[in-house]
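Below: one structure, written as structure tokens.
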Amino acid sequence: MGLFTFIKEAGEKLFGGKDAHAASPTAPTPAELNAQAGKAIGNYIAAQNLGVSDVQVTFDGAEGKVTVAGVAPTQAVKEKVTLCCGNVASVTSVDNQMSVTNPEPEAQYHDVVRGDTLSAIAKKFYGDANKYPVIFEANKPMLSHPDKIYPGQKLRIPALAR
Numbered sequence: 001m002g003l004f005t006f007i008k009e010a011g012e013k014l015f016g017g018k019d020a021h022a023a024s025p026t027a028p029t030p031a032e033l034n035a036q037a038g039k040a041i042g043n044y045i046a047a048q049n050l051g052v053s054d055v056q057v058t059f060d061g062a063e064g065k066v067t068v069a070g071v072a073p074t075q076a077v078k079e080k081v082t083l084c085c086g087n088v089a090s091v092t093s094v095d096n097q098m099s100v101t102n103p104e105p106e107a108q109y110h111d112v113v114r115g116d117t118l119s120a121i122a123k124k125f126y127g128d129a130n131k132y133p134v135i136f137e138a139n140k141p142m143l144s145h146p147d148k149i150y151p152g153q154k155l156r157i158p159a160l161a162r
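Using full-length UniProt numbering, you'd call the opening residue of the sequence shown number 1 and step up by one each time.
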């Protein structure tokens with residue numbers, strides 16, 4: 001699957017900010033911050049109820065890199081885990097080392113830019129704007145509504161079923 005790149009400033013704000021140092025009376029070390037970030041991303045993956053198991057997440061704050069391992073039931077779920085990890089603020093790349101129980105072809109990806117809509121993206125990839133629900137469903141539960149996409153977000157674009 002390879003290494004995927006993401007925009008550092010875009011995405012869910014799962015760690016950092018004013019609450020980052022509240023738990024410790026002394027300033028946390030970079031290793032402690034990385035461990036906290038990895039745990040936050042792991043919790044975010046778990047909250048999506050994707051059916052993955054044995055998930056291990058590490059974060060390297062200096063590089064902005066997430067490495068994730070574990071077992072995914074399908075290629076689609078493995079790709080959703082990549083998006084869970086990458087569409088997080090401060091993450092610039094994801095190395096997804098998960099194994100897949102039922103392999104299938106990989107999806108394409110699209111980086112959302114200002115003015116994009118799911119309909120426009122569907123028109124670009126499928127030739128039919130009315131196929132936007134395919135993209136929406138492929139990115140659930142990370143997407144809660146077809147109109148709630150943002151610049152910098154990376155989306156899965158699966159092949160159309162024949």
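Ideal placement from N, C-alpha and C gives every residue a C-beta, glycine not left out. If you're wondering where the values come from, they're calculated on a predicted model, not measured in any experiment.
*Could you tell me which residues DSSP puts in a beta bridge with threonine 58?*
The residue you call residue 58 lines up with position 58 of the sequence shown. Paired residues: Thr67.
*Would you kindly report the start and end of the unbroken alpha helix (DSSP H) that includes lysine 78?*
On the sequence shown, position 78 is the one that residue 78 refers to. Note, lysine 78: alpha helix (DSSP H), 75-86.
*asked:* Measuring CB atoms only, is the stretch 35-50 touching the stretch 59-70, in the sense that at least three cross pairs come out at less than 8 Å?
replied: Contact between the stretch 35-50 and the stretch 59-70 is present, with at least three C-beta pairs closer than 8 Å.
*Smallest Cα separation from glycine 115: which of Pro73, Glu137 and Tyr150?*
Along the sequence shown, one-based indexing puts residue 115 at 115. The shortest Cα separation from glycine 115 among Pro73, Glu137 and Tyr150 belongs to Tyr150.
*Along the chain, where does the alpha helix (DSSP H) that runs through residue 168 open and close?*
Any answer about residue 168 is impossible in this case: the structure gives the chain only from 1 up to 162.
*Enumerate in chain order the residues of its own chain whose CB-to-CB distance from glutamine 56 is below 8 Å, with the five nearest sequence positions on each side excluded.*
Counting from one through the sequence shown, the residue named residue 56 turns up at place 56. For glutamine 56, where only same-chain residues beyond five positions count, the Cβ hits under 8 Å are Gly42, Val68, Ala69 and Gly70.
*Have a look at the DSSP bridge pairing and note the partners of arginine 156.*
Position 156 of the sequence shown, counted from the start, is the residue given in the question as residue 156. The beta-bridge partner set that DSSP reports for arginine 156 consists of Tyr109.
*Return yes when the Cβ of leucine 160 is within less than 8 Å of the Cβ of asparagine 139, no when it is not.*
As a working note, residue 139 is residue 139 in the sequence shown. As a working note, residue 160 is residue 160 in the sequence shown. It is not a contact, given that the beta carbons lie outside the stated cut-off.
_Rounding to the nearest angstrom, what Cα-Cα distance links residue 223 and isoleucine 157 in this structure?_
Any answer about residue 223 is impossible in this case: the structure gives the chain only from 1 up to 162.
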